[in-house]
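*Asks:*
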Amino acid sequence: MALGLVLMIGGFVLIAVDYRPYDIPTASMSPTLQVGDTVLARKVDGGSVGRGDVVVFRDQAWGGQLMVKRVVAVGGDTVATTREDRRLTVNGQPVDEPYLADQGPKGGDSFSVTVPPGRLFLLGDNRQGSLDSRTHLEVDGGTVPADGVEARVEATLLPFGRTGLLDRTAAFDGLAGPKAGSPGPLAPAAYATVGGAALIIVVCAVSGVAGLARRFRREDAAS
């Protein structure tokens, strides 16, 4: 039972210290994240995130509210899209983004932004329904300070039908520079917590059965 307690408490503490839950209020990150989802995000320094990471951030120029978007460009990058095909390019290289929602008919605004050092360009996966860096192009090219990042989303917690780790995207791996981060200790910590709890239950059940067996043996001997 002691091992079970250690695993359960250790895993729980690790999750509680490193991770925070956040609610998703809009469809701007659909289909990756849905309205009403509760996600778990690991606290990270904004300078450690890479292209493709889904981050929780706050920027006063965007109203000061916590928001969740995907990093598509970092300091020094030139990020662009054209009206003809709306395909994202970073430093002149087209990026295939398998996580995007259906973008509907071609058309819309084009842009080209060179991201200043220490800043990030962020977009929603639902490009037709997201207020993101494209909406704020007139302020620092729509970029946000990297130190405004509070956490990197690593899993969906609720609803239970969608519980699971967020897939790491390889969409930007062909580019030099920071890439999407690998998952943190969430999975092993969760396994330790659940496994520890299960071990405690099994030990308690076995101890209870053994106690009943000893009691029956004593009663049989007395009779």
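Read left to right, the sequence shown gives residues 7 to 229 (the numbering used here).
Don't be surprised by glycine CBs; every beta carbon is placed ideally from N, CA and C.
#1: What separation, rounded to the nearest whole angstrom, lies between the Cα atoms of R168 and T162?
#2: Identify whether T141 lies in helix, strand or coil by the three-state DSSP scheme.
#3: Throw me the rounded Cβ distance for the S118 and A86 pair, which I believe falls under 8 Å.
#4: For D29, which residues of its own chain have a beta-carbon under 7 Å away from its beta-carbon, when the five flanking residues on both sides are left out?
#5: Taking one C-beta from the segment 90-102 and one from the segment 42-56 each time, how about it: are there three or more such pairs within less than 8 Å?
#6: Going straight from the alpha carbon of A107 to that of R57, what length do you get?
#7: Find out if the Cβ-Cβ distance for the pair L129, V78 is shorter than 7 Å.
#8: Which one or two residues does DSSP pair with F127 in a beta bridge?
#9: Assign S54 to one of two classes, buried (16 or more other C-beta atoms within 10 Å of its C-beta) or exposed (fewer than that).
#10: Rounded to a whole number of angstroms, what is the C-alpha to C-alpha distance between G81 and G124?
#11: Counting only the same chain and skipping the five closest in sequence on each side, list residues whose C-beta sits under 7 Å from that of K185.
#12: Between Q40, T84, S34, which has its C-alpha nearest L164's C-alpha?
#13: Here's the rule I'm using: 16 or more other beta-carbon atoms within 10 Å means buried, otherwise exposed. How should A198 be labelled?
#14: Hey, how far is the Cα of D115 from the Cα of R133?
#15: Using CA atoms only, rank isn't needed, just tell me which of L72, D91, E160, T84 is closest to A182.
#16: If contacts are defined as beta-carbon pairs under 8 Å, then G154 and G52 qualify, I think. What distance do you get, rounded to the angstrom?
#17: Can you give the beta carbon distance from E160 to G190, rounded, assuming they're within the 8 Å contact cut?
#18: Drop a sphere of 10 angstroms on the beta-carbon of R76, count the other beta-carbons inside from all chains shown, and report buried for 16 or more, exposed for fewer.
#19: Ends of the beta strand (DSSP E) at A86?
#20: With S118 as the anchor, note down where its beta strand (DSSP E) starts and where it stops.
#21: So for F166, helix, strand or coil by DSSP?
*Replies:* To lay it out plainly:
#1: 6 Å
#2: helix
#3: By a beta-carbon distance limit of 8 Å, S118 contacts A86. Their separation comes to about 4 Å.
#4: T44
#5: no
#6: 18 Å
#7: Result yes, Cβ atoms of L129 and V78 sit closer than 7 Å.
#8: In the DSSP output, where bridge partners are listed per residue, F127 has A79.
#9: exposed
#10: Going by the C-alpha atoms only, they are around 6 Å apart.
#11: Correct list, in chain order: G56, R57, G58, F178, D179.
#12: Comparing alpha carbon positions, the residue from Q40, T84, S34 closest to L164 is Q40.
#13: Model confidence at A198 stands at a pLDDT of 48, short of 50, so the residue's coordinates are unreliable; what they give is reported in the following sentence. Result: buried.
#14: 12 Å
#15: T84
#16: The pair is a contact, with the Cβ atoms about 6 Å apart (cut-off 8 Å).
#17: 6 Å
#18: buried
#19: 84-87
#20: S118 -> beta strand (DSSP E) spans 117-120.
#21: If DSSP states are grouped into helix, strand and coil, F166 belongs with the helices.
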